[in-house]
Every structure is written in structure tokens, then in C-alpha cells.
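In what follows, a single structure is set out as C-alpha cells and then discussed.
Residue numbers (my numbering), protein chains in the order written: chain A, 4 to 400; chain B, 27 to 488.
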């Protein structure tokens, strides 16, 4: 029941990373104007997936869930990508900041100095009004705080879980339960504010009160999709003989339910802005609908219709191949969703998805795969001494 | 085989077996009402009478008897409507969402929470009809074939969506509730001693005989109805929120409204469930079924949804500032510091601060604290709707039309009276209907009762 990170998978990960590095280098050398936006898009996407792992793990503790014990090692492993996401985010942010200072293109429009100078022709009263929140030092402090909180708790949960493997008993479990409540409170705030910071502030004028929760819903469903993918992969490889159809069914239910939840929030935000048709707000969807139409429609179809129709029946949620297919579809679908959240604000209508965009993503994917597999291999895949283990092993629905 | 960890608390105390559960649940129906019930019933009937008088006066004279004016065209009517609809949500959440999440503690409370849902939606609907001013044409919002003249509903209007949402909600909840009642009614029928009781419970139980086929169909229909109810938990209050959010009114037009209204609805619904059940369990001696653990679990839901509502308040306030839109900013400053500041701060205190007390396990498991806080939440959630509706309207884009709103005795009467409209059927329910879903509850006796836990512990020793 241990996972071994074999040479073949290592090679695949390295090849993907190499493709990524080449693509990123090529993007900058060929002056691809989407280079920075691609980096932020992928950094945020993989960070969100990783964070969703820790979030879902904390929910399992806080809600005293029994059936999911067999999945906890996967969730723990997903969280271990967060430190890498943090480094990438810092590199992207400060790299872009330096590039911007040297006359390059800022991802975050609000970083331009002239916007705040009433004497300048570029002066923007609305953005100047936001400077209490959108200013460099405060932004950096917030960014560091997010990563400190997220990584700190991820490591704490992991530490308690490994300690439990040795010590047994319920003390470590009860501790994790307590910390999970604290984490969830901090997450409730930071998941929204980080969505405003990393994404919403790209379209600096625009605002939507739902944006934080919408981003969270996307983060959560992409995390569940990745969790399902890893689960099916390990089951197929024979690493998780303790997983039954009942576990798959429940994991599938989460994927089904929260893809609908994401759609609900997507619709709520879109419909209310479309209906009220207030110029300041509606521009956000205008550019996306006018110039990104194929992606805009694909986003809705892939992320709602596909899981909704395929996972509707009970049997579908118990089939390994269907679960894996839908998790891949959702992974691609939410990649598009995050692309639509990031790219239009940076490059306006001049977008493209070519080999450099796909190569960049493959590079991130390679790194993600490497980190996740390395942490899966570090501990047994079953938490043998978890106090609720028997409930999970005997789970039947 | 289902397995339950020893860390789990028992859900049925007092070592109850199947027969004792039947006895305990049927006792209030078969016995006589005590003086507390009569006192409550008298009070509720008086309130209902006041409601009838106030509504009749309104309909007879016209909406001019209310305190509405040209600037504030919606006030207590819609406040009360949203308040009541929101309260209804706990029942649906318990029977649909908690079913999906396999929360077995829902079994002792689902029946009364669903009853609460139905009576609360009736109260809500009564405000819609009474605020129309001409209730004899209350069917106009329905898309009926056009034989009444030139009338066809505007499908672009969220008010029409609301008609569909609420009527679907009411019908599904009613059928769901009633389906669950059928086997329990049959139990009451089979035990009935008097001719009258036999007659009525025979009709109510739809010829239930308890055969395998009966149960199979029962299970199937319950599953279908649970499936239908699940999206309703989210959709109903989302649509209610769109009555406001599709508009251009600052303070109303905000995209967070749908999920935030849903969280608020569940929050207020559970507070009302606590208020009702803490009294019911005492008066009907159901402490072994509605245990401190049940109260604790509901308090946790109140804590979570209350926190979500708190995050939404702060988000709205922050984004109003961040947007740089002067009108949006003023709407929020006016809420907090304008002439209705007291309503805003009542809302903040009751909805954001008091539920945070439930972080303390001691308060979560204290009946007195729970009852007290649940009342606070009920009040706070009423003020929330008042704040959203009245403070957003009373100072509009044209300062010359700024004005204040205060209710007349008629509106006060209709609101207080609606509590009678709610409590009269609820009290009758506790006398004539099995308040605990006993057939369903019996399914967990072998896994989750205190008796089963003892046997399990005994088993482990050997």
C-alpha cells in the first residue's frame, strides 16, 4: 500500500518540465505579449488546486467525516505543492514588477505610478481611490500572509498525520480537528481576499462582490477533479486495494455536486451583471463575450453540461474510466475558466492559445506531478491508525 | 455492513427499543393537552385573530393604511416575506442536504423542521397576497391562458420567477413531508382507541399496510423527492435575492446576493428550529430523542452560516468602498450612520457577534444559551431584511424625495399576527401529528442508540 515514484513517471515529469522551460523561454525571447499572463494563469491555477486539497482535508476534520479517511493521504499530498506555488507566485510577481519598471508590461495595471499623480495625463481617479488597498507594500504583505497561513496549516496537518502513523490513538486526530476550524476561518477570509488580489485587481476598475466565492467554487471543483484523478490512477495501479465502489461513488458525487455549485455561482454573477447592464460592471463580460466567445461558451458547456450529464446516474460515479475522463475534462475546463479570469485583463482582445501556452501549462503540470508523486511516495497511502479508519473501510451506501 | 466509530455520540438516549419509540412519539397524540399547550394555543389564536383583523382592514380599505410612501414602496411587507421564506429553509436543508451528507442526527428533527417549513412558507405567501392590494386578482402573476383580457406575465421579471420558485418549493416540501408521514400515521391508526381517531388516521394514512412493496415505493419516492428538494434549497432564496439584485438600486444590486441570501436563510431557519425544538422537547418529553448532541450540531450550523453571512456583510462593505462608485458607497455609509443606524447595528450585533459565541462548546451545549441566541438570530435576520429593503430605498438618487418610513398599527398587526398564523398550525401539528419521524428513526436504533453503543462496548471487551 505504498506508492513508489518509479523512473518512468519521473522521466515523464522531467520531460514535461523541460517542455515548460523551453516554452517559457521561447515566450520571452519571441516577445509573446501573453508571456506574463500565461505564468500568472498557471501559477494561480495550480496553486488553487493545491489549496483546495488542504481546504478539503480541513473540512474532513472539522465535520468529523468518517468515509473519507482513505482519501486523506491524497489530499495531504495535494497540499504539498503550495510552497512551490508560493515561490512561483513571488517570482512571477516580482519578475513582472521589474520588467514593468524597465518599461515592460505590467500584469497588474494598478502598479503604474502615473495613475496616482493628479498632475499626470494618466491620472485615474477611480484607481487612485483604491490605493489604500491596492498599493505595493500592502499587496506584498498580504501575499506573504496568505502563503504563510496556507503552508503553515498544510504542514501542520501533515505533521500530525505522520505522527499518528507512529503513535496511534486519537490525540493527533483531535488536535487536527481543532486546528482545522482555525484554518477554515482564516481560509474563509483569505480565499476571498486572495482572489481579489491575484485576479480581480487585474481588471483594476472592475468589481463584483461575488468574485471571491466564485473563485473559491472554481478552486474547489478543480481540486476535487484532481483528487479524483489521483484516486483513480492509484486504484488502477493497484496501490489502493482498500478503495471500494462506495468510495468512488462518494468522490464522484462531490465532483457532480460541486460542478453544479460552480455553475450556480457562474450564473449568479453573470446573470446579475448582464441584467443590470451597468457600464462599469458589464464591460467585464463584454470583452469576454465579444472577443473570447469560443472559450466563454466552452467554459460553461465543459464545466457544467459534461459532468452534469455524465455523472448523473449512480452507476457512472462507480466507474473508474468515467470518473477519470470527467476529472480530465474538468481539469481542462477550469484551466479555461482561469484563463478567462486572467488573460483578458492583461492582453485585452489580443489573445491566442498556441504551443507556447500549452507548453507552459505542461511545464507546470510536470512540476505538479513531480511534487505530488514525491509526497505520495513518502508515507503509506492508508492512514492505518486513524481513529475513524474502520468507518471508512466499512463504508457502504 | 455499516460501522460506527466509538467516537460518535449516541443519537437516541435512554436505551430505547422499537416499542418505546412508538410509545413516546404517540403519547402526545393519544393523551390530553396540558395547560402549557392550551396557554400557547390561546395566545397564538389571539395573534391569528389580530392578523385576520389587520389583513381584513387592509384589504377592505386599501394599502394606504400602511406606512408606505412614494420613496419607500416596499417595507415591512417584503421584509416579513423574506424573513418567513428564509426560516423555511432549515426544513429543506435537513431533509435534503443533510440526507445527502448522511447526517443521521437529522432523523429526530426533520419532521418538525419540515412542518415549520410549510407553515413558514404559508406565512410568507400571505404577505405577497396581502401586499398586492387586490388579492382577488392574485392569480395574475401566473402565466395562464390569455382568456382574461390582455394579461400575460413578463418572464423577464424576477417577481415572476419568485412565483414559480415559491410555489414549487411549497408543493415539493408539502409532498415530501406528507410522504414521510404516511407510515407514521398508519402506526397511529393501528393504535387508535376511539372511532373518530380510527376514521381520521385511516384517511390520513392512505391505506398503508406496511408490506414490502409499500416500503419499496416509499423509499423510491422519498429518494426522488430528496433529489428535487436539493436544488430548491439553493434556488428559492437565490430567486428571492434576485428580486433585489437585478435592480439598479445601490445596496440591492450586488452579485453576492444569491449565495449570501441562501446562507442567511439557513442561518435564520436553524435559529427558528432551535427556538421551537427547545420548547417542544421539554413539553412533549422528547429529551431522549432531541438530545444535547442534536442541539450542538444545529448550533454548529448556525455558527458556520452566521460566519458566512458575516463575511458577506464585510465583503459588501469593502467592495462598495473599492468600487469607487459614490452612490454605492453612500448606501453603505447611510446604513451604518444614517437615521436607520440602530437597525443596522442591531443586525450586526445579532447576526455577526452573537453566533460567534458558539465557538464555546459550553454555550453550544447549553439549552439556555442556545435558546437565547436563537432568539437574537431571529431578530437579527428580521433586521437584515429591513436594513436591505428600507435603508436602500429611503434615500434614493433624488435628495428632494428622501424620506423616512415607519409602520402603522396595521402593519405591526399583520406581522405579529403572522406569528399566530404560524403557531396555530404548528401547535396543532404537535397534538395530532407524530412530531418525530418514528419509522425512519427506528432504522438507526441498531447502530446509533445508546443501547447499541453499550452492546458494542460490551462486545469489544470479550
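We put the CB at the ideal spot given by N, CA and C, even for glycine.
Alpha helix (DSSP H) runs contained entirely in the stretch 284 to 354 of chain A, provided each spans 4 or more residues: 296 to 303, 309 to 313, 323 to 350
For residue 134(A), the residue or residues it bridges with in DSSP: Paired residue(s): none; residue 134(A) is not in a bridge.
According to DSSP, residues forming a beta bridge with residue 475(B): 38(B)
Start and end residues, alpha helix (DSSP H) containing residue 377(B): Segment: none, residue 377(B) is in no alpha helix (DSSP H) and carries neither H nor E.
Inter-residue Cα distance where the pair is residue 304(B) and residue 73(B): 22 Å
Interface partners of residue 274(B) on chain A, CB under 8 Å: 279, 281
Closest by C-alpha distance to residue 332(A), when choosing among 226(A), 120(A), 128(A): 226(A)
Closer than 8 Å at the beta carbon, the chain A residues around residue 285(B): 213, 216, 267, 268, 271
Proximity test, Cβ basis, 7 Å: residue 350(B) and chain A: yes
Buried or exposed (CB count within 10 angstroms, at least 16 for buried), residue 487(B): Residue placement at residue 487(B) cannot be trusted, given a pLDDT of 45 that sits under 50; what the coordinates show is reported in the next sentence. Burial call: exposed.
Proximity below 7 Å, CB of residue 175(A) to CB of residue 187(A): no
For residue 212(B) and residue 396(B), the rounded distance between their alpha carbons: 35 Å
Chain A within 7 Å of residue 164(B), Cβ atoms only: no
Identity of the residue in 387(A), 252(A), 336(A), 177(A) nearest residue 324(A) by Cα: 252(A)
Integer Cβ distance of residue 310(B) from residue 54(B), believed to fall under 8 Å: 5 Å
The stretch 233 to 250 of chain B / the stretch 92 to 105 of chain B touching (three or more Cβ pairs under 8 Å): no
Which of helix, strand or coil DSSP assigns to residue 309(B): helix
Alpha helix (DSSP H) runs contained entirely in the stretch 143 to 217 of chain A, provided each spans 4 or more residues: 174 to 201
Beta-carbon proximity list for residue 427(B), same chain, < 6 Å, skipping 5 on both sides: 97
Local Cβ density within 10 Å of residue 384(A), reported as buried at 16 or more and exposed below that: buried
For residue 247(A), three-class secondary structure by DSSP: coil
Within 7 Å, strictly: CB atoms of residue 114(B) and residue 146(B): yes
Per-residue contacts from residue 73(A) into chain B (C-beta, under 9 Å): Result: empty, since nearest Cβ-Cβ is about 13 Å, beyond 9 Å.
Residue 284(B) and residue 353(B) closer than 7 Å at C-beta: no
Residue 168(B), DSSP secondary structure in three states: coil
7 Å Cβ cut-off: residues of chain B touching residue 69(A): 31
Alpha carbon of residue 359(A) to alpha carbon of residue 112(A), nearest angstrom: 24 Å
Nearest-angstrom Cα separation, counted from residue 317(B) out to residue 307(B): 9 Å
Residue closest to residue 361(B), alpha-carbon to alpha-carbon, out of 413(B), 325(B), 400(B), 89(B): 413(B)
Spatial distance of residue 467(B) from residue 14(A) (CA atoms): 56 Å
Under 8 Å by beta carbon: chain B residues contacting residue 192(A): 337
Cross-chain neighbours of residue 136(A) in chain B, by beta carbon under 9 Å: 344, 347, 348
Where residue 48(B) falls: helix, strand or coil (DSSP): helix
Presumed contact (8 Å Cβ cut-off) between residue 262(A) and residue 310(A), rounded CB distance: 4 Å
Enclosing alpha helix (DSSP H) for residue 160(B) [first to last residue]: Looking at the DSSP string, residue 160(B) is not in any alpha helix (DSSP H), and its letter there is neither H nor E.
Neighbour flag for residue 379(A) against chain B, beta carbons, 7 Å: no
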